[in-house]
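**Q** Shown below is the structure under consideration.
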Amino acid sequence: MENLERRLGEERLQQLLGLLDLTHDSIFVRDMNDVITYWNRGAEELYGWTKEEAVGQVSHRLVQTVCQVPREQISAQLLGTGRWEGELIQSKRGGTTVAVSTRWALQRDESGNPVAVLEATNDITERKHAEESLRRSEAYLAEAQRLSHVGSWAIDLATGGIIHASEELFRSWGLDQRGGINSLEAFRQLIHPEDRDRYLDAIQTAILKKRDVEVEYRVALPDSTIKHIHTVVNPVFTTTGNLAEIVGTSLDITERKSAEDALRDAQAELARVNRVATLGTLVVSIAHEVNQPLGAMATSTAACSRWLARHPPDLLRAEQALDRIRRDCKRASDVVARICGLVRRQPLQANPVNLNEAIHEVLALVRDEVQSNGVSLSTQLAHGLPRVRGDRVQLQQVILNLIVNAIEAVSAINSRPRELVIASRGDASRGVIIAVRDSGSGLEAADTDHLFDAFYTTKPDGIGMGLAISRSIIEAHGGGLWAVPNAPHGTVVQFLLPAEPVRTGDEAADSASFASR
Amino acid sequence: MGEEQSVIFVIDDDPSMRDALEDLLRSIDLDVRVFKSTQEFLASGRPDVPGCLVLDVRIPGQGGLNLQQALAASGIDLPIVFITGHGDIPMAVQAIKAGAIDFLTKPFRDQDLLDAIQAGVEQDRARRRDAGLMAELRKRLDTLTPRERQIMPLVASGQPNKQIAAELEVSEATVKLHRGQIMRKMQAKSLPELVRMADRLDCQPKASQSQPK
């Protein structure tokens, strides 16, 4: 009877043990001397020792358990609660290490004495590698963000809460790590009031149009510094097409902005210096322009005195002389004002410009130069030119530069008439074209390629900046400057300025595209 | 004999300057004609009276200094006063060397201009007088007989009658006779005057008397 019970019990036990062999987990049992008494199939697969080889061995020697936590602590917990779980490093047969996650259970007899420990173990090496890779990736990402000053963020639209905000985001925004900024609203408060609407519009557009949107804005930091930020907003949708969250990058472009500003200032200064230098070469002509009205005034003054000294005084003629003086006085001061206007340091303007008028003013300055070089100058200025907007002084600088070059080109000619034509015409679809045509000897093929390069000049004492600066001025106005051969001799240098689009009364946006650049 | 009224010619492309100059010269009762270019001036008829030209150096068409040369080349002897909008020393030197009366920079003192114009007109009067006198002298010379023409330079060179007679193999009395005729026809009141006349006639490229040999 006992035998039967025992046999049934053993069969049952074998069945149970068979079940234990089915599980993937490694399960082995050791006694209180650490000797292995049971070793399942999972343990065979995990450690590489067969049941026959493992049973009877001291477990920690067989699998060379390495533990972060001191053994005494484990034992204490095991004896105290009957359980322990943690991560260990063990070795397989052959020496390969495995990282494992293990759960121990203490078996006590009827008297409560510990008799055995059951260890259920999983190989977590793969998981550990994956975790390590992930950690390394995150570290690289953080480093990349730090190097490129790009931060990243993600917002849960349902709650308005911040799911993710990278370290670099805080650093580039100049914020103490997380110090008090933990909601979308808190972030938005930092944005410059003038830019806030634009920022929110961009987010809205990203959401509505379901596409990436870029926006630049300023951030006002607690210590009052201003930073310029460039953000790309990307809406993220679930598979069902619902908006889950928005993610974005944030790039600190403060340095770039101040470099752009410095560059623009330097360009303006260079253009001004060029204007002054060009005017310097015309000093003789300018002196002449001013001395003409002054000379006439002096003579009229003398005439006036003499008319008054007659007996009787000729008051009519005296009055006429005074009228001439008044007129010449204005002429002289106009010339001076015009020159000062060209030399003054002033910010880029974006006003309507009457090009034909501007051309006439420049011609007045060079009249003397034209005549003294025996150049025959004619104009073909069209009426009703499309409206153009820009900086009058800079455009006059370009016109002056082209005319001075043309005068030089044509003054070298002796075998035929020295002719210069200034023409303006409208091209309704594209704008206004101003052309300066000379009858000089034309361009060499080699020069045409380099004509507009900085520091390129064919003149022995030239600096070579005139055409380079002229081209950059015209391009800043949204136009282009180029040269083609003239027929039968010489060169045509011309530029195109885009016409102002016809507005439907929205004057507020007028200066936006140009003056704010 | 009253002096002829002079005419002042002004060439300047600047309208204000033209008006002002015209007004100034009128205010001292000068007769003035204004032109805006050298072509206009050359195309105009010029009265045969003493004159002076006021000229802006930088004028369209022919530059002022070129005009000076062109006028000289075509035998027009008008004195020129240059006025200019800027002072250029090389240009001034060139102009003065070519015989200009003066070179003034705008704005100039009116008195300086008027003084220069007066000097120019005086120069022109003198030249015209001179030309008139030469014509007269040549006319007188034409009335001399060949023999008289032969003797005149000898008399003018201070040779005594005896020496002249010996050289020409005639009698002293004949020489004395001819001498008297010469003095009468040439209207020379004294020997020194005759000498001066002879000098002037000899200097003329148009002195065309061929010496009989």
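Line order of the protein sequences matches chains V and W. In terms of our numbering, the first sequence opens at residue 230 and continues consecutively. In terms of our numbering, the second sequence opens at residue 2 and continues consecutively. Glycine is no exception: its CB is placed at the ideal position from the N, C-alpha and C atoms. Nothing here was measured: the structure is a model prediction, and the numbers come from that model.
Below 8 Å on the Cβ atoms is my contact criterion, and I expect V721(V) with R666(V) to pass it. Report the Cβ-Cβ distance as a whole number of Å.
**A** At roughly 5 Å, the Cβ-Cβ gap stays under 8 Å, so V721(V) and R666(V) are in contact.
**Q** Beta-carbon within less than 6 Å of D203(W)'s beta-carbon, same chain only, minus the 5 sequence neighbours each way: which residues are those?
**A** Hits under 6 Å: none found.
**Q** Of all the residues that make up the segment 6 to 40 of chain W, which are near chain V by a beta-carbon distance shorter than 7 Å?
**A** Taking 7 Å as the Cβ-Cβ cut-off against chain V, the residues of the segment 6 to 40 of chain W that qualify are D15, S17, M18, D20, A21, L22, D24, L25, S28, I29.
**Q** For K456(V), report the span of its alpha helix (DSSP H) as first-last.
**A** Not the alpha helix (DSSP H): K456(V) falls in the beta strand (DSSP E), residues 455 to 466.
**Q** Out of T326(V), I455(V), N342(V), state which residue places its alpha-carbon closest to the alpha-carbon of R447(V).
**A** When each option's Cα is compared against that of R447(V), the closest is I455(V).
**Q** Is there a Cβ from chain V that is less than 8 Å from the Cβ of G100(W)?
**A** It does not: the Cβ of G100(W) has no partner Cβ on chain V nearer than 8 Å.
**Q** Which stretch, first to last residue, makes up the beta strand (DSSP E) that contains R197(W)?
**A** Note, R197(W): premise wrong, no beta strand (DSSP E); alpha helix (DSSP H) at 192 to 204.
**Q** Output the residue ranges of the alpha helix (DSSP H) runs that lie fully inside the segment 330 to 359 of chain V and measure 4 residues or longer, sorted by chain position.
**A** Complete alpha helix (DSSP H) runs here, min 4: none at all.
**Q** Name the chain V residues that come within less than 7 Å of K107(W), Cβ to Cβ?
**A** The answer, in chain order, is N520, Q521, L523, G524.
**Q** Buried or exposed: S529(V), going by 16 or more other Cβ atoms within 10 Å of its Cβ?
**A** The residue is buried, with at least 16 neighbouring Cβ atoms inside 10 Å.
**Q** Quick one, which residues of the segment 110 to 136 of chain W are near chain V if we go by CB-CB under 7 Å, in chain order?
**A** Those residues of the segment 110 to 136 of chain W that come within reach of chain V (Cβ to Cβ, closer than 7 Å) are D111.
**Q** Of all the CB atoms in chain W, is at least one closer than 8 Å to the CB of T454(V)?
**A** Judged by the 8 Å Cβ criterion, T454(V) is not in contact with chain W.
**Q** Excluding five sequence neighbours on each side, which residues of the same chain lie with their C-beta closer than 7 Å to the C-beta of W278(V)?
**A** So the qualifying residues of the chain are L291, R322.
**Q** Quick one: residues in its chain with C-beta nearer than 7 Å to the C-beta of D385(V), no 5 flanking neighbours on either side, listed in chain order?
**A** Hits under 7 Å: I392, E474.
**Q** If you count every other CB in all the chains shown that lies within 10 Å of the CB of N715(V), and 16 or more means buried, which is it?
**A** Its Cβ being crowded by 16 or more others within 10 Å, N715(V) is buried.
**Q** Please confirm if D563(V) has its CB atom under 8 Å from at least one CB of chain W.
**A** For D563(V), the answer is no, since every Cβ of chain W falls outside 8 Å of its Cβ.
**Q** Using a Cβ-Cβ cut-off of 8 Å, state whether G159(W) counts as contacting chain V.
**A** No, its Cβ sits nowhere closer than 8 Å to a Cβ of chain V.
**Q** Does the beta carbon of H540(V) come closer than 8 Å to any beta carbon on chain W?
**A** H540(V) does not count as touching chain W.
**Q** Give me, in chain order, the residues of the same chain whose beta-carbon lies closer than 7 Å to that of E187(W); leave out the 5 immediate sequence neighbours on both sides.
**A** Position check: residue 187(W) holds Met in this sequence, whereas Glu was assumed. Closer than 7 Å at the Cβ level, and outside the excluded window around M187(W), lie R141, L195, M198.
**Q** To which residues of the same chain is P615(V) closer than 7 Å at the C-beta, ignoring the five residues directly before and after it?
**A** Closer than 7 Å at Cβ, skipping near neighbours: G655, A657, G660, V661, A728.
**Q** Under 8 Å Cβ-Cβ, which residues of chain W neighbour S668(V)?
**A** The contacting residues do not exist; S668(V) stays about 17 Å from chain W at best.
**Q** Determine the closest residue to D113(W) out of I165(W), K177(W), G159(W), L22(W), with distance taken between C-alpha atoms.
**A** The shortest Cα separation from D113(W) among I165(W), K177(W), G159(W), L22(W) belongs to L22(W).
**Q** Does the distance from the C-beta atom of I97(W) to that of C53(W) stay below 8 Å?
**A** Cβ atoms of I97(W) and C53(W): not closer than 8 Å.
**Q** Taking 8 Å as the cut-off, decide whether the C-beta atoms of A525(V) and R553(V) are in contact.
**A** Their beta carbons are under 8 Å apart, which means A525(V) touches R553(V) by this criterion.
**Q** Which word fits H179(W), buried or exposed, when buried means at least 16 other C-beta atoms lie within 10 angstroms of its C-beta?
**A** Flag for H179(W) reads buried.
**Q** Any chance you could list the beta strand (DSSP E) runs of at least 3 consecutive residues sitting entirely within the segment 250 to 282 of chain V, in chain order?
**A** The qualifying runs are 255 to 260, 265 to 268.
**Q** Which residues bound the alpha helix (DSSP H) around E5(W)?
**A** Segment: none, E5(W) is in no alpha helix (DSSP H) and carries neither H nor E.
**Q** Could you have a look at W382(V) and say whether DSSP puts it in helix, strand or coil?
**A** Here W382(V) sits in strand by DSSP.
**Q** Give the C-beta separation of V650(V) and Q609(V) to the nearest angstrom, bearing in mind that I take them to be a contact with Cβ-Cβ under 8 Å.
**A** Contact holds; Cβ gap of about 6 Å.
**Q** What are the boundary residues of the alpha helix (DSSP H) that includes E41(W)?
**A** Element bounds for E41(W): 39 to 44.
**Q** In the DSSP assignment, what are the bridge partners of Y446(V)?
**A** According to DSSP, which records beta bridges pairwise, Y446(V) is partnered with I458(V).
**Q** Does the distance from the CB of L335(V) to the CB of V327(V) come in under 8 Å?
**A** Cβ distance not < 8 Å, so L335(V) and V327(V) don't count as in contact.
**Q** Does the distance from the C-beta atom of G669(V) to that of I642(V) stay below 8 Å?
**A** Contact: yes.
**Q** Establish whether the CB of S529(V) and some CB of chain W are separated by less than 8 Å.
**A** Yes, because at least one Cβ of chain W sits closer than 8 Å to the Cβ of S529(V).
**Q** For chain W, find out if any of its Cβ atoms is closer than 8 Å to the Cβ of W536(V); answer yes or no.
**A** Chain W contact via Cβ: present.
**Q** So for W536(V), helix, strand or coil by DSSP?
**A** In the structure shown, W536(V) sits in a helix (DSSP, three-state: H, G or I).
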